[in-house]
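If you count by my numbering, then the sequence shown holds residues 357 to 974, one letter each, in order.
These notes concern the structure reproduced below.
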Amino acid sequence: MADYKDIVGTAVRNNAGNLSSDQKDQIFYDSTNLDFKYQIEAVADSWRTVAPLNSGRASAVMGGTKSSSWVAGGEQPTGMYPSSFTVYMELWNGSTWTEVNDLTTPKTWSGSSRGVPNNTTGLVFAGYGPPNPTGPVSPATYRARCEEWNGSNWTEVGDVNTARGFVGGAGTSAEACLCFGGWNPPSAYALTELWNGSSWTETTDLNTARYGLQSFGSSTSALYMGTAPSTQATESWNGSTWTEVADTTNTDHNSGAGVTNTAGLVFGGMPEGHTERWNGTSWTETTDFNTARYSAAGAGASSTSGIVAGGSTPGSPNSIADVEEFAGSAPIGAWTTGGSLNTARYEMFGTGLQTAALGFGGSEPPQSTKTESYDGTSWTEVNDLNTARGAGGSAGTYTAALGFGGEGPPELAVTESWNGSNWTEVNDLNTARRLLGGAGASNTAALAFGGYTGTANTVNTENWDGSSWTEVNNLNTARNNLTGTGTNTAALALGGSPGPTPPTRSTAVEQWNGSSWTEVNDLNTGRTTFAANGTTTSALAYGGSTPAVSPNYLALTEEWNGASWVEVADLSTGRSGGGGAGADVDSGLYFGGSDGSTYQTGTEEWNGSSVTSKVLTD
Numbered sequence: 357m358a359d360y361k362d363i364v365g366t367a368v369r370n371n372a373g374n375l376s377s378d379q380k381d382q383i384f385y386d387s388t389n390l391d392f393k394y395q396i397e398a399v400a401d402s403w404r405t406v407a408p409l410n411s412g413r414a415s416a417v418m419g420g421t422k423s424s425s426w427v428a429g430g431e432q433p434t435g436m437y438p439s440s441f442t443v444y445m446e447l448w449n450g451s452t453w454t455e456v457n458d459l460t461t462p463k464t465w466s467g468s469s470r471g472v473p474n475n476t477t478g479l480v481f482a483g484y485g486p487p488n489p490t491g492p493v494s495p496a497t498y499r500a501r502c503e504e505w506n507g508s509n510w511t512e513v514g515d516v517n518t519a520r521g522f523v524g525g526a527g528t529s530a531e532a533c534l535c536f537g538g539w540n541p542p543s544a545y546a547l548t549e550l551w552n553g554s555s556w557t558e559t560t561d562l563n564t565a566r567y568g569l570q571s572f573g574s575s576t577s578a579l580y581m582g583t584a585p586s587t588q589a590t591e592s593w594n595g596s597t598w599t600e601v602a603d604t605t606n607t608d609h610n611s612g613a614g615v616t617n618t619a620g621l622v623f624g625g626m627p628e629g630h631t632e633r634w635n636g637t638s639w640t641e642t643t644d645f646n647t648a649r650y651s652a653a654g655a656g657a658s659s660t661s662g663i664v665a666g667g668s669t670p671g672s673p674n675s676i677a678d679v680e681e682f683a684g685s686a687p688i689g690a691w692t693t694g695g696s697l698n699t700a701r702y703e704m705f706g707t708g709l710q711t712a713a714l715g716f717g718g719s720e721p722p723q724s725t726k727t728e729s730y731d732g733t734s735w736t737e738v739n740d741l742n743t744a745r746g747a748g749g750s751a752g753t754y755t756a757a758l759g760f761g762g763e764g765p766p767e768l769a770v771t772e773s774w775n776g777s778n779w780t781e782v783n784d785l786n787t788a789r790r791l792l793g794g795a796g797a798s799n800t801a802a803l804a805f806g807g808y809t810g811t812a813n814t815v816n817t818e819n820w821d822g823s824s825w826t827e828v829n830n831l832n833t834a835r836n837n838l839t840g841t842g843t844n845t846a847a848l849a850l851g852g853s854p855g856p857t858p859p860t861r862s863t864a865v866e867q868w869n870g871s872s873w874t875e876v877n878d879l880n881t882g883r884t885t886f887a888a889n890g891t892t893t894s895a896l897a898y899g900g901s902t903p904a905v906s907p908n909y910l911a912l913t914e915e916w917n918g919a920s921w922v923e924v925a926d927l928s929t930g931r932s933g934g935g936g937a938g939a940d941v942d943s944g945l946y947f948g949g950s951d952g953s954t955y956q957t958g959t960e961e962w963n964g965s966s967v968t969s970k971v972l973t974d
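Written as structure tokens, this is what we have:
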């Protein structure tokens with residue numbers, strides 16, 4: 357703590373209420389409420405859906421971290437038992453799953469070295485499966501077999517001393533692991549075995565015989581929680597003995613994440629998919645999965661980072677491929693009010709950054725030529741477009757922008773280039789259209805795609821090189837009312853309507869690599885007439901309309917991490933047809949549009965990490 361001599365004379369800001377802008381770590385005096393306060397970044401725990409497994413399965417085992425892990429074995433229920441036991445092995449590199457060499461023996465309900473730091477080493481032991489690799493699914497048997505992963509292959513090593521399934525496992529390497537508890541009818545086990553890299557040795561038993569897969573830690577510092585017959589009890593391992601500690605809040609968890617007995621996560625189970633955090637003394641419930649599941653595989657290195665893969669959903673015996681990542685205390689983004697447009701409009705064009713943007717065209721009605729420039733605080737009217745239009749595509753910055761296509765009416769091919777002070781008509785699109793998507797970083801390099809020609813939706817894509825448009829490879833799906841973000845060599849095409857007419861709304865997302873489009877993970881909510889900003893690895897999508905949600909005019913914001921979309925904080929005002937600008941997920945601008953009753957002048961600014969005020973206390 358600072359002494360008086362250290363702080364005397366220090367200036368403290370005097371403010372009538374909370375600070376109006378984000379100033380992280382700022383200390384100030386709230387003269388209205390007579391409080392000393394400080395600004396702190398708002399954070400929250402969250403699960404984010406990422407790329408799915410190649411093979412859906414339940415009761416698999418897992419090891420590694422959120423960014424580098426493996427999943428092996430499991431079962432693929434078909435609604436009737438016996439199940440199909442799997443040998444499938446997949447590696448996670450933080451963005452994609454890759455199938456590699458399989459286990460030597462199909463198995464489920466095994467234990468594993470959960471705390472290994474990467475996907476290049478691991479141990480799988482015990483479990484349940486066919487009596488031999490080539491044997492039939494039924495009859496199955498409880499196993500003693502142990503297999504070691506070396507980064508490329510599985511090799512059989514020394515068996516556990518007692519065959520059983522539903523065991524707990526812990527270990528931070530393939531050379532030092534624990535196997536504990538388990539089930540082999542008619543008995544539940546308290547047995548603990550220690551692996552030294554070549555053999556298993558029986559050591560101190562659990563206090564309570566039980567079975568399940570809920571555990572994490574190392575061979576010298578582990579935690580085992582829940583499971584039958586004592587569904588909430590937790591035991592802590594110190595390298596020589598098990599000690600009963602605080603119970604979990606919920607029952608029937610499936611997986612854990614952590615490398616010691618002092619900090620970790622436990623998650624999954626029937627029916628809700630709860631998550632709890634362990635601080636070394638007690639459990640605290642935090643945010644649930646996006647997809648409730650049981651019999652899922654899990655891994656992770658701490659109480660703030662984990663991954664869950666596969667499992668089965670409540671009410672269904674079938675296995676899933678869904679994967680989610682946990683981020684503890686992650687920054688919370690927020691929308692705040694910015695300066696208003698001078699003219700309310702719908703189906704606007706937008707380019708630039710949050711602090712330096714251009715908004716132009718749209719419908720007042722009728723179609724508008726008006727152009728406004730934003731400096732981070734207010735909008736200023738500048739020189740108009742040559743051709744009134746709305747519902748077109750755009751690219752560039754507030755000093756070097758391109759507007760193309762749109763509706764006059766009729767459908768337009770007209771392209772105009774902005775040089776920071778004036779618009780100039782340049783060469784037309786090859787295909788006249790409205791409700792198209794656009795992407796590009798300047799007025800000399802842009803991409804136009806999709807839209808409506810007046811008779812049909814189109815997949816047509818065109819590339820602008822600064823002087824002319826060239827037709828390149830088409831979208832995979834024809835649609836209108838879509839939006840785009842990125843550059844002419846790395847872009848996203850988002851949502852829209854496959855038509856032929858609304859109210860159909862698409863969740864489809866396609867990624868452009870400079871030569872072709874590839875379908876990637878969908879938006880969570882299908883929508884049209886919305887805005888987006890960012891890159892192919894870091895983007896925001898916001899606003900729009902859909903008949904599937906009430907109200908139809910969306911405040912919904914979704915964030916893209918290069919692999920999946922997750923819902924983040926809503927706009928203050930749900931609306932469609934606004935213009936958008938911004939560079940990435942940490943900054944964005946949305947302006948104009950319609951809330952279904954009136955055209956809007958409002959502007960909202962996105963901050964990827966919001967700041968909130970806290971009262972300083974003793």
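A virtual CB, placed ideally from N, CA and C, is assigned to each residue, including glycine.
Asked                                                                                                                                                    : Found
Using only the alpha-carbon positions, how far apart do E728 and Q956 sit?                                                                               : 14 Å
Any idea what DSSP makes of N540, helix, strand or coil?                                                                                                 : strand
Please state if the CB of W735 and the CB of E960 are separated by a distance shorter than 8 Å.                                                          : no
Measure how close the beta-carbons of A834 and N813 come, nearest whole angstrom, since I'm counting them as under 8 Å.                                  : 4 Å
For S969 and N374, what's the separation of their Cα atoms in angstroms?                                                                                 : 7 Å
At which residues does the beta strand (DSSP E) containing T599 begin and terminate?                                                                     : W598 to V601
Which complete alpha helix (DSSP H) runs does the stretch 565 to 635 hold, if anything under 4 residues is left out?                                     : none
Counting contacts by CB-CB distance shorter than 8 Å, is M418 in contact with chain D?                                                                   : Structure shown: chain D not included; a single protein chain is present.
T771 lies in the beta strand (DSSP E); which residues open and close that run?                                                                           : T771 to W774
So G759 and G717 are supposed to be a Cβ contact under 8 Å. How far apart are they, rounded?                                                             : 6 Å
What does a CB cutoff of less than 8 Å around E549 pick up in its chain, not counting 5 residues either side in sequence?                                : V516, N517, T518, L534, C535, F536, W556, T557, E558 and T559
What is the DSSP secondary structure of R883, counted as helix, strand or coil?                                                                          : coil
Taking the CB atoms as reference points, tell me whether V770 and T743 lie closer together than 8 Å.                                                     : yes
My output table needs one value for T511: the three-state DSSP class, helix, strand or coil.                                                             : strand
Per DSSP, what kind of secondary structure is F384 in: helix, strand or coil?                                                                            : strand
Closest to T843 by CA distance: which of N540, N877 and T892 is it?                                                                                      : T892
Starting from P687, trace the beta strand (DSSP E) in both directions and tell me its first and last residue.                                            : V679 to P687
Between which residues of its own chain and A846 is the CB-CB distance below 6 Å, once the five residues before and five after are set aside?            : T892
Tell me R404's beta-bridge partners as DSSP assigns them.                                                                                                : E681
Looking at the secondary structure, which residues open and close the beta strand (DSSP E) in which I663 lies?                                           : S661 to A665
Taking only runs that begin and end inside the stretch 741 to 813, name each unbroken beta strand (DSSP E) of 3 or more residues, in chain order.        : 749 to 752, 757 to 760, 771 to 774, 779 to 782, 793 to 796 and 802 to 805
State the CB to CB distance for the pair T604 and T590, rounded to an integer number of angstroms; the pair is presumed to be in contact (CB under 8 Å). : 6 Å
When you compare only the Cα positions, how much space is there between E632 and D644?                                                                   : 9 Å
Taking DSSP as the reference, what is the three-state secondary structure of T902?                                                                       : coil
Use the C-beta contact count for R701: other C-beta atoms within 10 angstroms, 16 or more gives buried, fewer gives exposed.                             : buried
Helix, strand or coil, according to DSSP, for F645 in the structure here?                                                                                : coil
Determine contact between the stretch 654 to 662 and the stretch 614 to 622, defined as no fewer than three beta-carbon pairs at a distance below 8 Å.   : yes
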